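Undergrad: Take 3 as the starting number for the sequence shown in the numbering used here and just add one per residue. The beta-carbon is built from N, C-alpha and C at its ideal position, and this holds for glycine as well. All values derive from a computational prediction rather than experimental measurement. First the structure, then my questions, so here it is.
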Amino acid sequence: MTQCLLTRHSRNRRLRPSFYRVEIAHNLFGEYSVIREWGRIGGRSLEKVDLFEGLVEASRWADRVRRKRLRAGYARIE
């Protein structure tokens, strides 16, 4: 299991900071899952799971998502 945790702080003080988590996990069916979770810190979160047959494809997708979030203003905290 590999995980990357990102946060973003808004200049608007009324908005809580947000987070984005990307995780790669191997499931019981022999597939690899890229689990994405996002939301406001202290609030509700949303989750999406994408399935891949191989670790290479899952890693490429997770890296692509991570790079996109970094360009959107998130910062890695791990």
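Looking only at DSSP bridge pairs, what is Trp63 linked to?
TA: Translated into the one-based positions of the sequence shown, residue 63 becomes position 61. None, per the DSSP bridge assignment.
Undergrad: Could you check where the beta strand (DSSP E) with Tyr34 kicks off and where it finishes?
TA: Taking the first residue of the sequence shown as position 1, residue 34 is located at position 32. Counting along the chain, the beta strand (DSSP E) containing Tyr34 begins and ends at Tyr34 to Arg42.
Undergrad: Determine the direct distance from the alpha carbon of Phe31 to that of Arg13, and round the result to whole angstroms.
TA: Against the sequence shown, residue 13 aligns to sequence position 11. Against the sequence shown, residue 31 aligns to sequence position 29. Computed Cα separation, rounded: 44 angstroms.
Undergrad: Who does Lys70 pair with in a DSSP beta bridge?
TA: Translated into the one-based positions of the sequence shown, residue 70 becomes position 68. According to DSSP, which records beta bridges pairwise, Lys70 is partnered with nothing at all.
Undergrad: Which same chain residues end up closer than 8 angstroms to Gly75 when comparing Cβ atoms and leaving out the 5 residues on each side of it in sequence?
TA: As a first step, residue 75 must be located in the sequence shown, where it is residue number 73. Contacts found: Arg10.
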